[in-house]
C-alpha cells in the first residue's frame, strides 16, 4: 500500500501523470493503492466532507469540469446537487458514480464523501459505463457504515485500516450497482421492462450520433416492429420524439448553465437545422431559446 498527499492548490505532488487534475476546491486528498478484484486500483480519497462553495441557479460552464478517472460520491447525510450540461439533479441517501469524461459540477453538503478511482482503460469496468451520464443507486446501511468508519480512521490517522475498508467499500458499491442494473434491466425473462435500461443506454448516445429505429433494433436483436412497440411502452412516444425531447431538455440546461451560442448548442447536440430547433423549442417551452435563457438567469 502507498499513499501521498495533495497540496493546497489541488495539484498532485509527485504523483503519476494519470492523476493530474486541477480540482474545483482545495480539499485534502490522499492517494492509496489497493488490490481489488485481482487488480491494483488507485483510489484518491478526499479527506474533507464539509460543504463545498454554494452555487446559484446559474452555473457558468467554466465551472463544469471532467476527470480522466471515476469519481464516486457517497451521500450519507443531507443532500448533494449535481449539475451537468444536460441535467441538474439533487441526490439524497445515494451513491453516485461519474464515469471518466463526464462533465459536471457538484455542490456538496456535510456528510457527502468523495473518492476518485483510477481503473485501467481496458478494464471491463470502464466498458459498462457511458461517459455521457451519471449513475446513481440507493446507499445501504452496510456501505454507510463502511464509509463513516473509514473517515473516523482517517481523522485519527489510523491509516493501517484504510486499505481493507476501501476494498469493502468498492466491493459493496459494485454489488449495489450490479443489483440496481439488474432491476432496471428487468430480470424476468419476459416483458418490455427488461429493455428499459438497454434503451436508456443506447439512446444516451443521441448527442453524438444519429440514433435510428434500425440501429436500436440491431442493438436489441429484435425486429423494428417489436422495437417500436417496446419504445412506446417504455417512453409513451416514438423513438424520434423521445430523442427530440432529450435534446430539447439538454438544450434548455445548456442555455441556462452556459454561455454557448444557440448555434453551438445545436451543433453539440447534433440536432439538425436551426429552423427546426427554434420551432420545436418554442412549441415545448413557449418561447425562443434566447428568451428562455434571459428568463432563467439570475436577476
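Residue numbers (this note's numbering): 1 to 299.
Just so you know, even glycine gets a beta-carbon here, dropped at the ideal spot from N, CA and C.
In this text, all values refer to a predicted model and were calculated from it rather than measured experimentally.
Need the endpoints of the alpha helix (DSSP H) that residue i sits in, please.
i           : result
residue 215 : 213-220
Just to confirm the assignment, what range does the beta strand (DSSP E) spanning residue i have?
i           : result
residue 81  : 80-84
residue 72  : 70-75
residue 117 : 112-118
residue 104 : 104-107
residue 95  : 94-98
Taking residue i as the reference, which of the options has the closest Cα?
i           : options            : result
residue 176 : 240, 142, 208      : 142
residue 259 : 284, 245, 292, 282 : 292
residue 231 : 250, 200, 79       : 200
residue 134 : 85, 146, 289       : 85
residue 244 : 212, 226, 41       : 212
residue 209 : 247, 228, 227, 178 : 247
residue 228 : 88, 238, 140       : 238
residue 109 : 75, 165, 157, 83   : 75
residue 111 : 257, 93, 97        : 93
residue 165 : 147, 140, 31       : 147
residue 100 : 269, 274, 34, 116  : 116
residue 46  : 249, 154, 170, 89  : 154
residue 266 : 206, 217, 235, 161 : 206
residue 215 : 82, 254, 34, 240   : 240
residue 144 : 169, 220, 157, 275 : 169
residue 220 : 233, 198, 234, 236 : 198
residue 87  : 268, 256, 275      : 256
residue 89  : 156, 272, 250      : 250
residue 284 : 252, 270, 275, 268 : 252
residue 297 : 254, 225, 235      : 254
Give the DSSP-derived three-state secondary structure of residue i in the structure shown.
i           : result
residue 297 : coil
residue 139 : coil
residue 205 : helix
residue 35  : strand
residue 87  : coil
residue 44  : strand
residue 128 : coil
residue 10  : Interpretation of residue 10 is limited by its pLDDT of 36, a score under 50 that renders its predicted location unreliable; the figure taken from the coordinates is listed afterwards. Reduced to three states, the DSSP call for residue 10 is coil.
residue 291 : helix
Measuring from the CB of residue i, is there a heavy atom of the ligand ZN at a distance below 7 Å?
i           : result
residue 108 : The ligand ZN is absent from the structure shown, which contains no ligands of any kind.
Since residue i and residue j should fall inside the 8 Å C-beta cutoff, what is the C-beta to C-beta distance between them, to a whole number of angstroms?
i           : j           : result
residue 137 : residue 204 : Not really, about 17 Å apart at Cβ, beyond 8 Å.
residue 173 : residue 66  : That pair is no contact at about 21 Å.
residue 69  : residue 118 : 4 Å
residue 107 : residue 80  : 7 Å
residue 91  : residue 151 : With 8 Å as the limit, residue 91 and residue 151 do not qualify as a contact, their Cβ atoms being about 19 Å apart.
residue 158 : residue 105 : Rounded, the Cβ-Cβ distance is 33 Å, inconsistent with contact.
residue 163 : residue 83  : Not really, about 33 Å apart at Cβ, beyond 8 Å.
residue 262 : residue 290 : 7 Å
Within 8 Å of any Cβ in chain D, is that where the Cβ of residue i sits?
i          : result
residue 81 : Of the protein chains in this structure there is only one, and it is not chain D.
Worksheet entry | Those runs of the alpha helix (DSSP H) which lie wholly inside the segment 223-278 and span at least 4 residues | 224-235, 239-257, 262-268
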